[in-house]
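As given, the protein sequences belong to chains A and B, one line each in that order. One point on numbering: in my numbering, the residue at position 405 of the first sequence is 405, and numbering is uninterrupted. To convert a position in the second sequence, counted from 1, into my numbering, add 699. C-beta: ideal position from N, C-alpha, C; glycine also. Please read all numbers here as calculations on a predicted model, not as lab measurements. Below you'll find the structure, written out as structure tokens, and then a few comments.
Protein chains: 2
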Amino acid sequence: MNMKAILRLFLAWLGLAACARADEGMWLYNNAPRAQIKARYGFEVTDAWLDHLRLASVRFNSGGSGSFVSADGLAITNHHVGADALQKMSSEKNNYLRDGFYARTAAEEIKCVDLELNVLQSIEDVTARVNAAVPATATGDEAAAARRKITAEIERESREKTGLRSDVVTLYQGGQYHLYRFKRYTDIRLVFAPEQQIAFYGGDPDNFEYPRYDLDVCLFRVYENDQPVRPAHYLKWSPVGAQDGELVFVSGHPGRTSRLLTVAELEYLRDNSLPYTLMLLKRREVLLTAWGARHEENARRVRDALFSVQNYRKVRDGELAALQDPAVMDAKRTAEKAFQQKLAGPGGSADALAAYTKIAAATQEIGRYALRYRLLEGDRRNIFSAPQGLTSESFGIARTLLRAAEERAKPNGERLKEYADAKRESFELELFSDKPIYTDYEIISLADALAFLAEQLGYNDATVVKMLAGKSPRARAAELINGTQVRSVEFRRKLYAGGSDAVKTARDPMIELARLIDAEARGLRKTLETQDEIKQQAQGAIARARFALEGTSNYPDATFTLRLSYGAVRGYDEDGKFIPALTNFAGLYERSASQHNRPPFDLPPRWSERKAALNLATPFNFVSTCDIIGGNSGSPTVNRAGEFVGIIFDGNLQSLVGSFAYEDVYNRALSVHSAAIIESLRKIYDAPALADELLNGKR
Amino acid sequence: MNMKAILRLFLAWLGLAACARADEGMWLYNNAPRAQIKARYGFEVTDAWLDHLRLASVRFNSGGSGSFVSADGLAITNHHVGADALQKMSSEKNNYLRDGFYARTAAEEIKCVDLELNVLQSIEDVTARVNAAVPATATGDEAAAARRKITAEIERESREKTGLRSDVVTLYQGGQYHLYRFKRYTDIRLVFAPEQQIAFYGGDPDNFEYPRYDLDVCLFRVYENDQPVRPAHYLKWSPVGAQDGELVFVSGHPGRTSRLLTVAELEYLRDNSLPYTLMLLKRREVLLTAWGARHEENARRVRDALFSVQNYRKVRDGELAALQDPAVMDAKRTAEKAFQQKLAGPGGSADALAAYTKIAAATQEIGRYALRYRLLEGDRRNIFSAPQGLTSESFGIARTLLRAAEERAKPNGERLKEYADAKRESFELELFSDKPIYTDYEIISLADALAFLAEQLGYNDATVVKMLAGKSPRARAAELINGTQVRSVEFRRKLYAGGSDAVKTARDPMIELARLIDAEARGLRKTLETQDEIKQQAQGAIARARFALEGTSNYPDATFTLRLSYGAVRGYDEDGKFIPALTNFAGLYERSASQHNRPPFDLPPRWSERKAALNLATPFNFVSTCDIIGGNSGSPTVNRAGEFVGIIFDGNLQSLVGSFAYEDVYNRALSVHSAAIIESLRKIYDAPALADELLNGKR
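Below is the structure:
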């Protein structure tokens, strides 16, 4: 993004900060902004309309959104959401992620290794019950335990009663707790994927840019009992697709925003988390790029991981740039000060006012332990992922086996939350996944992580000394990866069934390494969870005060649960130039020619050969003012009639500030146009049956 | 490098640590290892032989080595040494760095923008004079000033007496000081360069690997008074080239080794310098790669810089891996302890023993200021390069203009050393270089550096606050780069001629920024130079004790001055497989086919088309046991007769430990074979005249 655009963006943003921001919000389905939509677009959102859209929306647990688009169980998402599944089903012989795939018959469809899809069935507010279980006098530590216990209890109770996956979700940073119940699907089969070259046309340089020409779609068929499911709700395909200027909606699962964070928390992000994360992402990007360049097969093995690293690098770079802009931070400071003045006034809350100090203190405390925590314990959101000092699939599995044995011996409510009974099915799906894990890749990954660990904590750190066992990071990584048996699914099943004794008897070197650091890692986690709990209680106090002062007609930060956004298909200005809302097929060929067809602007051979057959006026991608963020990838874009008119796949660079605030002058959500999908299925991919199924809503 | 190779390497290295290491050493020309060579290879090194090789050797001040190879002033070096010149003479229209170049006539030769070549004329030991000028009672601060003064005096005196470039060189970390006198050449014209694709065949993945197939050569013609120089000494071209097993010599300018560093200094490298440098290199690699991918012209603009960053990243990664290996550090500790015991014994030195403690303390002290120093003052070795918080050509020039005005007003001996009278000609060549500087590239580079600065020092740091002036890093970078006039050579000449007043009156925003931080930056430099002086004195004491105990028949660490190495053309074992010493043209085509000709293993079109014309048995690259390091790139490899048989262009991965120690079991130096140059000039590049000039030693 160039300088002028940034400056104007924030001037605009500052100007808007005072008034209501037009199409803002990732709204809860049980608190939809009916009045705003009615006022702004004259459209009446009904319960039936909402229920239909919700039940046609699908969550991809590999990290994205999607929707049912046929009565025969066809589900559509982005190619880059399907990428995880495509990578896992590929081999040296078949590089589906790079080359694409089309199953002409049901027999040709390929079952995904460990993909789980969720459809949201109901939402229940359990705030009162959760809060009642946490005594006001409890310390952070006790409160965290109490909250974990009641959460596990509610989830198990619901799971037993309904048979549905049941997750208690924290909203408004602790202001509310809602119970989300999902129908799970785990037999998911690949139907169609284009070449990554056209799905991600323009690659890293064009990522988060616009205009774009990406056919970022992937089609799966959902099965139950070996038969395609017949979803009661699926989206009808619009015969015309998105029109410039029209009202559209996005139904999907935005992953995480930080709009309600305090200034102290934003400063922590700016000064600590984001620079650290970016440093690590860039280190990893270089590692994977260099290793991938050595051989075609290496490149295939790291393909999805590298895409993911580059994507996050660009997102985090954009977020950090936003926080490094004094205009953004000043606006946040001004808003926080204004609200604190309200809190000090009539109808305010001394508790909420004090909460800011508590949050700042807890944030500081988290900062003290964050590095060791990241290196030795890792990300609580991705339970199977190894910590950053041990990056490898093998370590992630080894630690899970070790802990599963220990945790399952405890009462449900006292376990680490990922081992709770209600999560067991999804947990086992992942634990016993037989996705390919490559020894060579595991070794370079772990070697780099161990080197990073030693660099960060120092070679004389007692834990580092124990972990390296007198060897160089590279030698130690090779020894561990070559020595462990956890890459065998059979071995995992045996140990998981056998419990602690079986795990101990195995004397697996990777599991023993996990054991070696487990006390410290658990301790770090407990420390951070205690501080998180303190923050959550403080945020709860602020949220309650905000509800009291401003009502509950607002939306919480994103939590990878289903949300509704709305807005208009609308172009925008960049450097004094108007960027129209829609691109078309002709633009793709112009872009490629202007870049001399050099990668990543080269066309797949089929796209070069079949140009003449195409209607070049067909819309390709379009932008709208809908409020989205990562996790929304694959979300259906629908019109007033609830028809599928496109699919979200990206935001523009100006949308990256959206982690912290929404503005609708420059910030745009990018969708693939529904017509582009039909045109390419028919003219490029010789898949008329699939195009017909989409248009007709059945086979 | 795989694990086994590393482990075996260090086992070998440990075994060798006790006995004399065979072909070790980057020897001074005034202290050549005649006895060792005689004993090992039965070859008598004479004064005439040494003088001839020395006077035919050429230093490329852009950072490499080379040699005269024709009576008509032809000088050969590596393509990657010539890259700096190729980049600067390229434009959007002519990408010589990527596409290569051949001047069929003298008129077609292209003059380099700011290249300076040096030929070593004489060496004089001035240790006694330097030491006599530094009182034994002086503090680090006073000693540094005294040493700077005497150095400037010796250099100016020599410059005035001989007209030659005169540099006092610190050897043995302060054990000796020698005066090196060079003949300067500054009219250098490009004659031939191949495509980078074949010069750097295999790209980053094959860098520091073997077997290889790189035509890493570049030919320049050296002029004086608009006529080609007729060097009295140039290397005859061997009619057969390097033969497996034969004794060969390398004459070149190894840049820097760290073999005499103490364990405390090595730990500092391992724990501080190297991880920091690698973090920054990887950050920069991602920045340049991503920006270069956006457009072909961007890619051209960053081409040489990106190559350089990737190359250093691989070197530093290898060095860090070596220091992360306990085997290496343990061997260093053992050796240091053994020598300290000698020092404590008869004929030892209490001074030298105490020096270890002083070095450790000074290293600690340097560590305290290193970060600010790197960010605000930068690298003393590259005086024009901007510090790491301000990376941009524009800042480098702006600060040089500011300081030149201030320094030139002082007596010669009291100036910062780069402004000494003896260095003036080379300094002005660089200051007034009209190499292209691109505004867009300058902005992204400075924006990233300012962001890095703020991340490292914090947003509330007083200096950071002043520097950012209330703006985001990106906005501030754009403002500075767009506002400064220093990219105009005319502007630079005016300010340089006008002195302090002219500089002040200009009110150039970049110069004013340099002024804003100059007091702090100079202070940091003084602090570090004082500690360096303390270390230098301590190292001097150790060196003198070592001379007393072990004689002076050893070589000092590399200093980018001319050195002689020797060894044999010899293959080596890797993972139990013997790698023969020589590759040939057939191997190139096999390598390309086995990688499906995908980049960076693709062949330039000419190389595909003309395969049939080639004698595929012609040798391409070869390895030898010669002891080299970065800076040796472009060094001639010669046989007993002093004939040119190849040109150094790389080492294998196992050679990267060479920064700290030499071993000859796996460590190999890589050369382009002389026959490969002739074969490709004739059969691929239609340059028979040039091939004849090389073979005949004249046009």
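- Here the region 588-602 of chain A makes contact with the region 187-204 of chain A; the two share three or more CB pairs at distances below 8 Å.
- Taking 8 Å as the upper bound on Cβ-Cβ separation, chain A lies near residues A1150, A1153, E1154, G1157 and Y1158 of the region 1143-1165 of chain B.
- Judged by beta-carbon spacing, Y566 of chain A lies beyond the 9 Å limit of I123 of chain A, meaning their Cβ atoms are not closer than that value.
- In this structure H253 of chain A is buried. Its beta-carbon is surrounded by 16 or more other beta-carbon atoms within 10 angstroms.
- Inter-residue distance for E966 of chain B and L973 of chain B is about 10 Å (C-alpha atoms, whole angstroms).
- Secondary structure at Y876 of chain B: strand, using DSSP grouped into helix, strand and coil.
- Remark: C-beta atoms of Q536 of chain A and Q176 of chain A do not approach each other more closely than 9 Å.
- Residue-level contact by beta carbon holds for G470 of chain A and chain B, with a gap shorter than 9 Å.
- Across the region 960-984 of chain B, CB contacts with chain A closer than 7 Å involve D970, P974, M978, K981, R982 and E984, in sequence order along the chain.
- When C-beta distances to chain A are compared with 8 Å, the residues of the region 1291-1307 of chain B below that value are Q1294, H1295, R1297 and P1299, in chain order.
- The bridge partners DSSP lists for G1270 of chain B come to none.
- With respect to F759 of chain B, G1333 of chain B sits close: the two C-beta atoms are nearer than 9 Å.
- Under a 10 Å Cβ-count criterion, T334 of chain A is classified as exposed, with fewer than 16 other Cβ atoms of the shown protein chains found around its own Cβ.
- At a cut-off of 9 Å between C-beta atoms, D573 of chain A does not count as an interface residue with respect to chain B.
- Taking every protein chain shown into account, the CB of S594 of chain A has fewer than 16 other CB atoms within 10 angstroms, so this residue is exposed.
- C-alpha of L603 of chain A to C-alpha of Q197 of chain A: approximately 7 Å in a straight line.
- In the structure shown, the three-state DSSP call for L562 of chain A is coil.
- Excluding five sequence positions before and after D448 of chain A, the CB atoms of its chain that fall closer than 6 Å to its own CB belong to L287, given in chain order.
- Bounds of any alpha helix (DSSP H) do not take in T583 of chain A; it lies within the beta strand (DSSP E) bounded by L582 to N584.
- For H779 of chain B, the nearest beta carbon of chain A is not closer than 9 Å to its own beta carbon.
- Nearest in C-alpha terms to A1220 of chain B, of all of B:Q1009, B:A1280, B:L1101 and B:A1119, is B:L1101.
- Every candidate beta strand (DSSP E) stretch fails here, since none sits fully inside the region 1156-1181 of chain B while reaching 3 residues.
- Chain-ordered, the chain B residues with CB closer than 9 Å to the CB of G203 of chain A read A992.
- The beta strand (DSSP E) runs lying completely inside the region 764-811 of chain B and spanning 3 residues or more are 773-776, given in chain order.
- In the three-state scheme derived from DSSP, where H, G and I count as helix and E and B as strand, Y312 of chain A is classed as helix.
- If you check the CB distance, V812 of chain B and A851 of chain B do not come in under 9 Å.
- Neighbours of Q735 of chain B in chain A, taken as residues at a C-beta separation under 8 Å, are lacking, since the least C-beta distance is about 32 Å.
- A residue is called buried once 16 or more other Cβ atoms fall within 10 Å of its Cβ, and F101 of chain A is buried on that count.
- Here the region 901-918 of chain B makes no contact with the region 874-888 of chain B; the two share fewer than three CB pairs at distances below 8 Å.
- If you compare the alpha carbons of A:I678, A:V623, A:R300 and A:D532 with that of L653 of chain A, the shortest gap goes to A:V623.
- Scanning the region 344-405 of chain A for uninterrupted alpha helix (DSSP H) segments of 4 residues or longer gives 350-376, listed from N- to C-terminal end.
- Judged by DSSP in its simplified three-state form, L28 of chain A adopts strand.
- For the options A:A661, A:G642 and A:A691, the alpha carbon positioned closest to that of E246 of chain A is the one of A:G642.
- If you keep only unbroken beta strand (DSSP E) runs of at least 3 residues inside the region 870-952 of chain B, you get 875-884, 886-892, 917-923 and 946-951.
- At least one CB atom of chain B sits nearer than 9 Å to the CB of Q324 of chain A.
- Contact note: R1012 of chain B reaches chain A through V286, using a C-beta cutoff of 8 Å and chain order.
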